[in-house]
Amino acid sequence: MNVPTPPLELAQEPEELKNIRRKAWNVYTQAPFPDRASTLWRFSSPEAFWIIPENISSMLERGKITYKLEAPNGLLLSDLQQAVSDESVPVGALVGPEFGKFEALNLALWERGAYLRIPERAKIDQPVVLRKHVSGEGLVLDRSLIHVAREASLTIVEVLEGELTGNGNGYLNAVKEVLVEEGAALTLVEIDLTRGTTRAFVTARHSIGSNAELKWVLARFGEGVLKANLGACLSGQGAKSEISGAVFGFGQGKSDIHTFHDHVEKRTFSNIVLRVVLQDRARSAYTGLIRIGTNASYSEAFQENQNLLLSGDVRAESIPELEILTDEVQCKHGVTVGPVEEELLFYLMSRGVPREDAVRLLVAGFLEPVLGHIPGDFREPLDGRVAHSIKPATEVENVL
Amino acid sequence: MEYRRSLLEVRDLHVEVEGKEVIRGLDLVLHRGEKLALMGPNGSGKSSLSMALMGHPGYKIKRGAIVLDGNDITGLSPDRRAKVGLFLAMQNPVVVQGLSVTNFLRAILKAKRGEEVPIREFREMLVKAMGLLEMERSFAARYVNDGFSGGEKKKLELLQMTLLNPKVAVVDEIDSGLDVDALKIVAEGINRVASEESAFLLITHYRRILDYIRPDGVAVLMEGRIVASGGPELINQIDRQGYDWLAVKTA
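Heads up: the sequence lines are chains A and B, in that order.
The opening position of the first sequence corresponds to residue -4 in this note's numbering, with each subsequent residue numbered one higher.
The opening position of the second sequence corresponds to residue 332 in this note's numbering, with each subsequent residue numbered one higher.
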């Protein structure tokens, strides 16, 4: 087949990366569309994330992203493009050309990206803040690579702001690769404050070494469309991963989140807490896969998804999956879906709190187990969105 | 006799829960400054009455009226009833996950005043009220009723009552699940809130709490109706003879 647009080739890039980009471009343009029967695509249509190759250049011209780092002295945010030319940076190690059709688009054509490397044994007390801002009405390819070297520890807060418009053409395709080496500890807080109906396709993979720890907190409050595939591979003995996610969808917002905890080694631990609040006509789908590999005995894995429905027109789906290939493991998962409990509303209202304020308090409380992990300064815009987005006359049956 | 205005009047109240009539023509008057004990055996309708008074949606008022300080509150939502000055200290208050005691109390004070209470003023009020109830400071950071002991739940109910300072407080079995020390603290708390300007309806199964809070009168509820009322001497009679002799009378 005749390939209409070539993958990006930058003169200073290593030959290896150029090859990867070519492979990725072939996958994007040639691979069949994902099977809707697979769990990953059951709730989203691949067509929504497909751009015909002829249109990509013009779409890329109309989308913009900027990166800004607020960090203590000495820690530098590198342009990923720059970094790959200067040193050996493993772009594509976790999300490579064969990973998936739409991830391949990112790998073939990304131009700007963020690269953070935390040196061995570095202990950084203050949170490192990475601000990403998207704008325009086209396609944005965002790629980040974070490498936390042995025994380093820090908290990274990543804030995504802005809006991609253009009558639903605005499209963010983001890929993140994170290496947490032996004995390191990373707390990664991702706050999505994009406005409007921004469409996002997000893939992230973490590799967690022996006795290393990942705490990953995600919050997304808005009316955009999100398809996210979030995973962590517990590749060293004693590795630990905890994912806490808060989603508040309103308007026509849609979120389709897949998580994957892949226990490869012994004595690994994973936990997922996902809290979802839906209002208006918003929809949410969650599919969570836990795999305990043949070498991963004495591991523990937990997964909990709770959905709070503030309107009769919302829809929440939740499908946990377990794949256990060894003995001596402990796994648990749980799902709840339901409206605000009338007994809770009655309690708050009996103290004089009007119904809509009571709902706000209960929604905030419902999300607290996740938002409680977010440092104070960064919580305010989220709390504000909860307070301002909850409609007094939600379509909950008004019995009180 | 000194003329005292009534603060709460319940007239011919009929209440249904899931189609079953649980309050069947109840009349009750509480005067300013009065503490009335409402006693009765299990299943007599004591808690149903308290829920119906507060406006729980599961307790449907089929007939009758509830008047609080001259306002007919029969059809009002629970928050509006609270605004008028009614408070219910619940027997089994619910756990509100993720909502701290501090944020909860700020919200209810804001609702009462119609504006945010300045943080300093709020802190002073809270520290004082918690001190009187012998509550640890760390209590304020915990989630409402989450993992609370029986005594802690009752203290939180009382803390809210103290801050809201209602005209009429209905106190539902606040003695249940309390040891003697906690009971004393809770009773002192109630005595402190009670004033000549307020009225209390103390719902209880046993006389125990009434040794610490002296009621002005006693009413006995059985099968959804008041079957007897009188002075404090009725407490001793019930203590000695139970409720059966009253059941015979109503039959």
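A virtual CB, placed ideally from N, CA and C, is assigned to each residue, including glycine.
- Counting only residues of its own chain and dropping the five nearest sequence neighbours on each side, A/Leu89 has a CB closer than 7 Å to the CB of Glu172, Arg200 and Ser202.
- One thing to note: A/Val242 has its Cβ within 9 Å of the Cβ of A/Arg270.
- Chain A places no beta carbon closer than 9 Å to that of B/Ala530, leaving this residue out of the contacts.
- Within chain B, the residues Asp410, Ala413, Lys414, Ile439, Ala442, Lys443 and Leu495 have their CB atoms less than 8 Å from the CB of A/Gly347, given in chain order.
- Annotation: B/Leu344 to B/Val398 spans about 11 Å, alpha carbon to alpha carbon.
- Judged by DSSP secondary structure, A/Ser80 falls within the alpha helix (DSSP H) whose first and last residues are Leu75 to Asp81.
- Checking the DSSP bridge columns, you'll see A/Ala280 partnered with A/Asp251 and A/Glu312.
- In chain order, Leu339, Tyr342, Leu343, Leu356, Leu357 and Gly360 make up the part of chain A whose C-beta sits under 9 Å from the C-beta of B/Val427.
- The contact set of B/Gln422 on chain A, defined by CB atoms closer than 8 Å, is empty, because the minimum CB distance reaches about 12 Å.
- Secondary structure at A/His383: helix, using DSSP grouped into helix, strand and coil.
- Secondary structure at A/Arg194: strand, using DSSP grouped into helix, strand and coil.
- When the Cα atoms are used, A/Ala195 and B/Gly481 turn out to be separated by approximately 48 Å.
- The stretch 216 to 224 of chain A makes no contact with the stretch 118 to 130 of chain A, as fewer than three CB pairs between them are under 8 Å.
- For A/Asp352, the neighbours in chain B by C-beta distance under 9 Å run, in chain order, Asp410, Ala438, Lys441 and Ala442.
- A/Thr150 is the residue among A/Ser345, A/Thr150 and A/Lys127 whose C-alpha sits nearest the C-alpha of A/Ile113.
- Rounded to the nearest whole angstrom, the C-alpha separation of A/Gly87 and A/Arg350 is 50 Å.
- Separation of A/Gly329 and A/Val184 (C-alpha to C-alpha, rounded to the nearest whole angstrom) is 24 Å.
- Annotation: B/Pro388 is outside any beta strand (DSSP E) and is labelled neither H nor E by DSSP.
- For A/Glu363, the residues of chain B that pass the 9 Å Cβ criterion are Gln428, Gly429, Leu430, Ser431 and Tyr474, in the order they occur in the chain.
- Taking the Cβ atoms as the reference, B/Val475 lies roughly 4 Å from B/Val427, within the contact range of under 8 Å.
- Taking C-beta separations shorter than 6 Å and ignoring five residues to either side along the sequence, the partners of B/Ile521 in its chain run Ile544, following chain order.
- Only those residues of the stretch 385 to 411 of chain B whose C-beta falls short of 7 Å from the nearest C-beta of chain A are listed: Met385, His387, Pro388, Ser408, Pro409 and Asp410.
- Counting along the chain, A/Pro334 sits inside no alpha helix (DSSP H); it lies in the beta strand (DSSP E) bounded by residues Gln325 to Pro334.
- Contact of A/Gly367 with chain B is assigned, a C-beta pair being separated by under 9 Å.
- Under the DSSP assignment, A/Trp20 falls in the alpha helix (DSSP H) whose first and last residues are Glu10 to Gln25.
- Taken through DSSP and simplified to helix, strand or coil, B/Val425 comes out as coil.
- A distance below 9 Å separates the beta carbons of A/Val272 and A/Leu305.
- Put simply, of A/Leu284, A/Glu208, A/Gly178 and A/Ala382 the residue whose alpha carbon is nearest the alpha carbon of A/Gln274 is A/Ala382.
- The stretch 18 to 27 of chain A makes contact with the stretch 92 to 104 of chain A; the number of CB pairs closer than 8 Å reaches 3 or more.
- DSSP, reduced to helix, strand and coil, places A/Tyr62 within a strand of the structure shown.
- Taking the CA atoms as reference points, B/Ser526 sits about 22 Å from B/Arg539.
- The C-beta distance from B/Leu494 to B/Leu532 rounds to 20 Å, too long to meet the 8 Å contact threshold.
- Using a Cβ-Cβ cut-off of 8 Å, B/Leu419 is close to Ser345 of chain A, given in chain order.
- No residue range can be given for A/Lys261, since it is assigned to no alpha helix (DSSP H) and is classified by DSSP as neither H nor E.
- Contact between the stretch 102 to 113 of chain A and the stretch 71 to 87 of chain A is present: 3 or more CB-CB pairs across the two stretches fall below 8 Å.
- Here A/Asp352 is buried. Its C-beta has 16 or more other C-beta atoms within 10 Å.
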